[in-house]
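Each residue of the sequence shown is one higher than the one before, starting from 2 at the first, in the working numbering.
Heads up, the beta-carbon is just placed ideally off N, CA and C, and yes, glycines get one too.
All values reported here derive from a predicted model rather than from experimental measurement.
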Amino acid sequence: MHVAPLPRTCVGCRAKDDRARLVRVAVDASSAVVDERRVLPGRGAWVHPDPACLARALRTRAFDRALRVRGIDVSSLHAWREAIVGGV
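Have a look at this one:
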């Protein structure tokens, strides 16, 4: 019997969606990184690959709460957002 995958919640817009439409963010040392292969250990936060969702998550410090880590370095996520906006 096949069980449907559980939906994940975007930390930016708070909408539930399928894992295939979301990007996982995890903590590596003390910085947040995009987990493209979805294999890094530990807690993960999910966000739509949409600049508006990512901007809202960064503005509201949603990654700190979702990953349960205070003061994580999100500079790589800012760079990822610029790449999305620039279409790279």
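Residue environment, residue i, which counts as buried when at least 16 other CB atoms sit within 10 Å
i, result
"A30", "exposed"
"R66", "exposed"
"V26", "buried"
"A33", "buried"
"D19", "exposed"
"G13", "buried"
"R44", "exposed"
Rounded separation between residue i and residue j - CA only
i, j, result
"C11", "D51", "10 angstroms"
"A16", "P42", "24 angstroms"
"L7", "V86", "29 angstroms"
"F64", "H3", "32 angstroms"
"R22", "H49", "7 angstroms"
"R69", "E37", "20 angstroms"
Residue(s) in a DSSP beta bridge with residue i
i, result
"D29", "S32"
"G45", "A27"
"D18", "R9"
"D74", "S32"
For this session: Could you say if the segment 76-89 and the segment 53-67 meet the contact criterion of at least three C-beta pairs nearer than 8 angstroms?
Result: yes
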